[in-house]
Amino acid sequence: MIINFKSSTKKNIIIWLAIFFFNLFSSFAHIAGKEAVMQIAPGNIAFFRSILAVFVLWIMMRFSGKTIFLERVDSFRFVILGALAVPLNQLAFITGLQYTPVSHPALFYATTSAWVLVISVLIGVERLRWWKWVGVGLSIVGVFILMGDKLLTFGNKTILGDMILLFAVLSWSLYTVICKPIVERYGALETTFLVMSFGALLYFPFGLFFTVTGDFSSASINAWLGIIYLGIMTSGVAYFLWIWLLERIRPSQVAVVASAQPPTTVLLAWLVFGEIPSLKLVFSIIIVLSGIILMVGYGGSKRGADTEGSTINNE
Numbered sequence: 025m026i027i028n029f030k031s032s033t034k035k036n037i038i039i040w041l042a043i044f045f046f047n048l049f050s051s052f053a054h055i056a057g058k059e060a061v062m063q064i065a066p067g068n069i070a071f072f073r074s075i076l077a078v079f080v081l082w083i084m085m086r087f088s089g090k091t092i093f094l095e096r097v098d099s100f101r102f103v104i105l106g107a108l109a110v111p112l113n114q115l116a117f118i119t120g121l122q123y124t125p126v127s128h129p130a131l132f133y134a135t136t137s138a139w140v141l142v143i144s145v146l147i148g149v150e151r152l153r154w155w156k157w158v159g160v161g162l163s164i165v166g167v168f169i170l171m172g173d174k175l176l177t178f179g180n181k182t183i184l185g186d187m188i189l190l191f192a193v194l195s196w197s198l199y200t201v202i203c204k205p206i207v208e209r210y211g212a213l214e215t216t217f218l219v220m221s222f223g224a225l226l227y228f229p230f231g232l233f234f235t236v237t238g239d240f241s242s243a244s245i246n247a248w249l250g251i252i253y254l255g256i257m258t259s260g261v262a263y264f265l266w267i268w269l270l271e272r273i274r275p276s277q278v279a280v281v282a283s284a285q286p287p288t289t290v291l292l293a294w295l296v297f298g299e300i301p302s303l304k305l306v307f308s309i310i311i312v313l314s315g316i317i318l319m320v321g322y323g324g325s326k327r328g329a330d331t332e333g334s335t336i337n338n339e
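Structure, rendered in structure tokens:
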């Protein structure tokens, strides 16, 4: 393990801030979008989310002054990434949610880090190290401490939805891994904009059908505000932060960050609705944070260690 204190402190602080805000924006989405899901069909929500996300990312591109020179050889790769991130992942998530309790998606997505690590090792993106398995294991154990009682609801009645949710998690995991070399070549904002644009175009026929045949007569202002939040802060800003982190640390390190969403959501529910947190939540947060700190802190930044200087480099 090589410790290098050069100019990396500020960069590491920024990475931890990005992790914090990603979890904050993503976790609050469950609360902000609760009323929207109850009043508007999920297919319509996904459609509006993708349109809003592309619009917000376009504004960010304009203000940043960035331009994109898309190489022809990468066009098909962005189509694949867009399909994995938007139509496949979102449609599978929405469909699976219709056949399972709302707790199941959180449990499935908590395993994202494990799938990402396995895929990364299999295709040679990462090397297998003990701290990776321990970090991933701690994060998953922490989530199961919080939501383990929900496992009792798994059974024959939910098997279809569970399999669809598993497909959603696998598509998101594959997207995270194969996006790594692309984001290092194009940059975080450019990659996020292209991925969401291609994804929105692929999803457009389905979303247009859902919108034309949908019923919005009972949708309240709060429901529409929830959709606006999902489109701007979740699919726009949070997705960008996910790719921004992917540009700087390994795919498995980025994926383990998602394990903090279930306890963060419960914590936000306490702050918003006054629900008193249980001792189980405290243990969950401690264990999940231990896994994330081990993965991101001990593991360091592969890209930063090689080119920018990192506090800890342990490949």
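Offset between the sequence shown (1-based) and my numbering: plus 24.
Positions of the beta carbon are idealized from the N, C-alpha and C atoms, including for glycine.
With H, G and I counted as helix, E and B as strand and the rest as coil, what does DSSP make of residue i?
{"i": "V201", "result": "helix"}
{"i": "R151", "result": "coil"}
{"i": "T135", "result": "coil"}
{"i": "E95", "result": "coil"}
{"i": "I64", "result": "coil"}
{"i": "T119", "result": "helix"}
{"i": "T182", "result": "helix"}
{"i": "G57", "result": "coil"}
{"i": "T33", "result": "helix"}
{"i": "G89", "result": "coil"}
{"i": "S302", "result": "coil"}
{"i": "A42", "result": "helix"}
{"i": "T331", "result": "Its pLDDT being 38, under 50, T331 is placed unreliably in this model, and the value from its coordinates should be taken loosely. It is helical."}
Restricting to Cα atoms, I'd like to know which of the options is closest to residue i.
{"i": "F240", "options": "I183, A138, A65 and K204", "result": "A65"}
{"i": "G223", "options": "W154, S314 and V103", "result": "V103"}
{"i": "I256", "options": "I37, F52 and K34", "result": "F52"}
{"i": "P287", "options": "L213, V61 and K304", "result": "K304"}
{"i": "R272", "options": "I206, P111 and I183", "result": "I206"}
{"i": "R86", "options": "F217, I316 and V160", "result": "F217"}
{"i": "V281", "options": "I251, L292 and M319", "result": "M319"}
{"i": "I55", "options": "L295, S283 and S314", "result": "L295"}
{"i": "V140", "options": "S283, T289 and L292", "result": "S283"}
{"i": "K204", "options": "I43, G57, I317 and R101", "result": "R101"}
Please look up how many angstroms separate the CB atoms of residue i and residue j, rounded, as I've assumed it's under 8 Å.
{"i": "G231", "j": "F79", "result": "That belief does not hold up - the Cβ atoms of G231 and F79 are roughly 14 Å apart, past 8 Å."}
{"i": "L76", "j": "F264", "result": "Incorrect: roughly 13 Å between the Cβ atoms, too far for contact."}
{"i": "I164", "j": "A134", "result": "6 Å"}
{"i": "L108", "j": "L198", "result": "6 Å"}
{"i": "F117", "j": "L190", "result": "Between L190 and F117 the Cβ distance is about 11 Å, and since that is not below 8 Å, they are no contact."}
{"i": "V110", "j": "L226", "result": "6 Å"}
Counting only runs of 3+ residues fully inside the region 211 to 295, write out the beta strand (DSSP E) ranges in chain order. Inside the region 211 to 295, DSSP marks no whole beta strand (DSSP E) run of 3 or more residues.
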